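A short worksheet on the structure shown next.
In full-length UniProt numbering, the protein residues as written are 1 to 768.
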């Protein structure tokens, strides 16, 4: 209980001589430093708010405008206030300014009018910049060709309207365009085209009839409401997408929604669990500090076009809160602690002491104390987190009935308001068993991760580690951005000593971790056991398989002038047909972050062109390479349309939501939104390749991450293109399905990749 005593700033006793105050100077000092840190953070946020609010304006620009206006007024000997001071003097006490000499009058009026002129220029530049960013003709131009329109557009964005100062993370937010609403007619056309390879002629004619009826009758009415929302809201999709796709789901989020990210593929920076946790936690907290100060560079497509940064806002201090009908996302403006789980116990660990962030060796010291703690879990504590892994309604009921009072409320608040959650896992994970490693990150034992937290850091006994992330608050590239910076800092910038410890020395007076206290009644323990049984059944049904494909990578694919993503998607189509003997509705996630608060759109990768290519590969036809090229071009075109707000599925989803609000059912929309995605795919892009020197240090390649199967009889495939020579595939399916086998599908993917490459090799020999 030493840490409890140190947390008390003063004690007092009442005696015959009065009240005797016993002040703890150390505790008061820590209170002062904590308050100082809080006010510094508020000031930085206030300053950044002003800088972001006036971007692309800047302080030098403001001084330039003022100097120019004052100089003009002085030269022409005119009233710089344009008579404004005289008019104001009739209503407000500025007569003194009007009676002052001409020089002071110039200064006062110049500041007023010059400031107004500067603000007008800012809004004009922002409006023009938004218009420039709304034009996406550059994306549809032939590869390698630069038209004069694109050159002029780039000059305007880079040199004229992007501001004089270096942009911060949120600088471009007010300049990003709103996501456009496609026309109903275009969406119907694209939808019918996307399902044509999956339907018979009779089925397709039936869908054409339903689509035509919707387009002429109910569609325009629903579209009007969507247009109204697009004018009023920042994004007509994102809030409904978060609510109805994520927060209103009543099934388990473990496996079904949460996803994982892995460690290095080949490197083992240290074998010490506490040391690895020390460096990684410190690196994450440094990233959070940069995020709080908006010092992270905004992600720029092709180093030119800014992408929306709104999803970064809830990365830390965030937890999903269960509800009966819908969950909510709770985000705290700040949190100075993390919660660590080890062997069924929960510990609160402060991240700041003496007014500063703990150093890696000091965090390692705290982890060592937790690992050395031999106390047993309290009744019900060991499997408590299983509530977050099971169905949402029982979790909401248990939380409201048993965890919102007394010490349970205090401990639960500590978990939910933590910066993030850490698990010191008592198992070992190694690259030789990547499949088991993936399953451990995805679900673990079902009770040793707090699946509601935005980020779970899992550090295994042998120093391997990874993340499990909740999905509602942001998409995978946001977590990927954090993870890339953490991995780049860990072995190089932070490093370890020869014996595997973090650099530096332990702190002699650092208060230890605080054990959280619980009083979980038998009724709640029964609910925990029920949730655990649901979660274990779900976890045991996951069939994961990881393929580090190193035969070739994007470097060779690009030499043949094919998009690497299109190449991989066609390989997945070929592999799936060989695996199941049929085509299926295929989901590929694309981002819409070129627009404000944009998240994702669906690319329907199974097209008439891709099916023609696959059939040619199966039937050994001669025009395979030509069909591959045509299918790749079609895929690229669809991906570009999705990125520029001309996709199909988010528009259909929002039309469906409006129809439900209006109480008007649509047979067309109901059928469209009930179609299962039996092949769900996603590329995890490497966004900061400059952080890794893969030429001199190829061991520092990331393994990427993955997610659980979306359909009971389908596959989930995540892939990451690392450097020029490696592509990692993360495949998931359900063991209970007789139609799927992740290892079999993995073999088919590998063979499909090699067979497609062979087409180009054969073509080269023919040309010779």
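Using N, Cα and C, we set each Cβ at its ideal position, and we do this for glycine too. Computed from a prediction, not measured in an experiment: that's the story for all the values here.
| Item | Value |
| --- | --- |
| Sequence-distant residues of its chain with Cβ nearer than 7 Å to residue 548 (five each side left out) | 265, 726 and 728 |
| Proximal residues to residue 377 (C-beta, below 6 Å), its chain only, five neighbours per side dropped | 344 and 345 |
| Three CB pairs or more closer than 8 Å across the region 364-376 and the region 395-407 | no |
| Range covered by the alpha helix (DSSP H) that runs through residue 734 | It is not in any alpha helix (DSSP H) - residue 734 instead sits in the beta strand (DSSP E) that spans 726-734. |
| Under the three-state DSSP convention, the category residue 199 falls into | coil |
| Buried or exposed by the 16-neighbour rule on C-beta atoms within 10 Å, applied to residue 306 | buried |
| Under 8 Å between C-beta atoms of residue 302 and residue 168 | no |
| 7 Å Cβ shell around residue 545 - same chain, five flanking residues per side excluded | 435, 731, 742, 743 and 746 |
| 8 Å contact criterion, which residue 226 and residue 658 should meet: CB distance rounded | 6 Å |
| Every unbroken alpha helix (DSSP H) within the region 234-264, with a cutoff of 4 residues, ordered by chain | none |
| Alpha-carbon spacing of residue 578 relative to residue 672, whole angstroms | 26 Å |
| Residues bridged to residue 455 [DSSP beta-bridge criterion] | 469 |
| Three-state class that DSSP yields for residue 751 in the structure shown | helix |
| Alpha helix (DSSP H) segment containing residue 679, residue limits | Not the alpha helix (DSSP H): residue 679 falls in the beta strand (DSSP E), residues 679-683. |
| Contact set for residue 416: own chain, Cβ-Cβ below 6 Å, skip 5 residues either direction | 319 |
| For residue 132 and residue 308, the rounded distance between their alpha carbons | 15 Å |
| Distance between residue 750 and residue 198 (C-alpha atoms, nearest Å) | 25 Å |
| Through-space distance from residue 576 to residue 748, alpha-carbon basis | 8 Å |
| When 665, 483 and 452 are compared against residue 472, the one with the closest alpha-carbon | 452 |
| Same chain, Cβ closer than 7 Å to residue 470, five either side skipped, listed in chain order | 253, 258, 320, 451, 452, 453 and 454 |
| Strand pairing of residue 548, partner residues [DSSP] | 728 |
| Closest by C-alpha distance to residue 526, when choosing among 397, 287 and 128 | 397 |
| Sheet register partners of residue 589 (DSSP bridge) | 602 |
| Where residue 518 falls, given that 16 or more other Cβ within 10 Å makes a residue buried | buried |
| Nearest neighbour of residue 113, chosen from 62, 637 and 129 [CA to CA] | 62 |
| Rounded straight-line distance, which links the Cα of residue 442 to that of residue 427 | 14 Å |
| Environment of residue 324 [buried if 16+ CB atoms lie within 10 Å] | exposed |
| Beta-carbon proximity of residue 155 to residue 250, cut-off 8 Å | no |
| Among 171, 649 and 292, the one whose alpha carbon lies nearest that of residue 50 | 171 |
| Minimum C-alpha distance to residue 524 - residue among 213, 411 and 395 | 395 |
| Three-state secondary structure assigned by DSSP to residue 310 | helix |
| Cβ pair count under 8 Å reaching 3, the region 344-364 against the region 282-292 | yes |
| Three-way DSSP call (helix, strand, coil) for residue 67 in this model | helix |
| Cβ neighbour criterion (16 or more within 10 Å) applied to residue 446 | buried |
| Close Cβ partners of residue 550 (< 7 Å) along its chain, the five nearest in sequence each way excluded | 725 and 726 |
| Residue interval of the beta strand (DSSP E) (run including residue 271) | Taken as a continuous stretch (DSSP letters only), residue 271 belongs to no beta strand (DSSP E), as it is neither H nor E. |
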